[in-house]
Amino acid sequence: MKLELIRNTCVVACALSLVAGCSSYPEEGKGGMGEYTATSEFSPVLPDEPLGPEHGLRFDFHLTQLHLDSLIQQGAEWCFPASVVQAKTKENRIARELEGGLLVDAANDIVIQRKNLGLLERRLDYVTNEAECVPPEHNLAFQSEVSVINQLVEILNVDNQFAVNSVEINPKYMGNLAEAANILKQYQHLNLRVTGHADASGTQSYNDTLAMGRAKQVERYLTIFGLSPTRIQTLSVGETLPLFEGDSPGVKLTNRRVSIDIVSTKSQGGGNAQY
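Residue numbering for the sequence shown is 1 to 275, as defined by UniProt numbering.
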């Protein structure tokens, strides 16, 4: 009996020591991917040491920082505030991943950030050909609008994955569309740009059609919930702008989606500004 008790005690002690030795839980306030704020001491430049993959990633990250800063200087923060907020959030996330040694996650997010910044740059070029992106006269009202835009972006761009070869929307996302439609009824100057996406399973032409079908299905439900179809623009990019790179079932599921941008028709600086 004593021998059995000693044996059981040893097994428990060994198990506890293994858990303590193998676990790598972050300290409080150091949540890695769970947090989207970079620490003040983070630097994209590493001290002198043998070159490794993290050096290249930090260099790429620094280039994306410079790209975003340049777009902000050109007025992106005023023409597309929600996109800038999302880019800054992604930037902080990448910094956290690099700081925590999550190199694969950081590499993936840097690729996504590059694509998003490229898209933002093209949109900014288009808008600035027609109007000037300048700070609004009534900044308090502007900040309030940014808050509403951020809320809509968050509601409309989560949990909208589609099944394989399907345009049907899952019930949870329908609730998000209904909530967004109710908010948009109060802000008649805010319109939507709905872009459909597909995973890389089919041919390019088939994926373009499938992605457009998803965008049109979102438009259909938004109109059912009371939003005028004249306030909704639908686009398709097929498989060309995946949210994540890879061909695993989980990645493909995430890439079957729509992305939705908010467009403001308010006049600003004598022209029509878009957000």
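Here a beta-carbon is modelled for each residue, glycine too, at the ideal position from N, C-alpha and C.
Cβ separation of residue i and residue j, assumed to be a contact under 8 Å, to the nearest whole Å
i, j, result
"Asp159", "Asn182", "Asp159 to Asn182, Cβ: 18 Å. No contact."
"Glu91", "Leu63", "At roughly 12 Å, the Cβ-Cβ gap does not stay under 8 Å, so Glu91 and Leu63 are not in contact."
"Asn157", "Ile260", "6 Å"
"Gln204", "Val167", "Not confirmed; about 18 Å, so no contact."
"Ile94", "Ala106", "5 Å"
"Leu57", "Ile110", "7 Å"
"Ala178", "Leu152", "Their Cβ separation, rounded to whole angstroms, is 13 Å, which puts Ala178 and Leu152 out of contact at 8 Å."
Candidates the options, of which the one nearest residue i by Cα
i, options, result
"Trp78", "Ser236, Val237 and Ile149", "Ile149"
"Ile262", "His189, Gly196, Tyr221 and Asn108", "His189"
"Asp125", "Pro242, Ala178 and Phe80", "Phe80"
"Ser264", "Glu121, Met174 and Tyr187", "Tyr187"
"Gly238", "Gly75, Leu152, Thr89 and Lys252", "Lys252"
"Phe244", "Leu222, Asp199, Arg214 and Tyr206", "Asp199"
"residue 281", "Glu145, Met174 and Arg123", "In the structure as shown, the chain starts at 1 and stops at 275, and residue 281 therefore has no counterpart that could be examined."
"Gln233", "Gly246, Met212, Arg96 and Cys133", "Met212"
"Ser236", "Ala215, Asp247 and Ser228", "Ala215"
"Pro229", "Ser248, Gly250 and Leu192", "Leu192"
"Asp247", "Gly226, Val146, Gly202 and Gly100", "Gly202"
"Lys185", "Ser144, Arg231 and Val146", "Arg231"
"Glu194", "Asn207, Leu222 and Tyr206", "For clarity, residue 194 is Val in the given sequence; the question names Glu instead. Closest by alpha carbon: Leu222."
"Thr128", "Ile112, Arg96 and Gln74", "Gln74"
"Gln65", "Gln113, Gly100 and Arg96", "Gln113"
"Thr240", "Val84, Ser147, Asp208 and Gly100", "Asp208"
Residue i, enclosing beta strand (DSSP E) - first and last residue
i, result
"Ile260", "Val258 to Ser264"
Residue i and residue j closer than 8 Å at C-beta
i, j, result
"His197", "Asn255", "yes"
"Asn116", "Ala87", "yes"
"Phe162", "Arg257", "yes"
"Leu210", "Asn170", "no"
"Leu98", "Phe61", "yes"
"Glu54", "Leu103", "yes"
For residue i, the first and last residue of its enclosing alpha helix (DSSP H)
i, result
"Thr230", "It is not in any alpha helix (DSSP H) - Thr230 carries neither H nor E in the DSSP assignment."
"Leu117", "Leu103 to Thr128"
"Ser83", "Pro81 to Glu99"
"Asn176", "Pro171 to Leu184"
Residues bridged to residue i [DSSP beta-bridge criterion]
i, result
"Asn191", "Val263"
"Gly202", "Per DSSP, none; premise fails for Gly202."
"Gly75", "Beta-bridge pairing links Gly75 to no other residue."
"Gly196", "Ser236 and Val258"
The ligand SAH heavy atom lying under 7 Å from the CB of residue i
i, result
"Ala181", "No copy of the ligand SAH occurs in the structure displayed, which carries no ligand at all."
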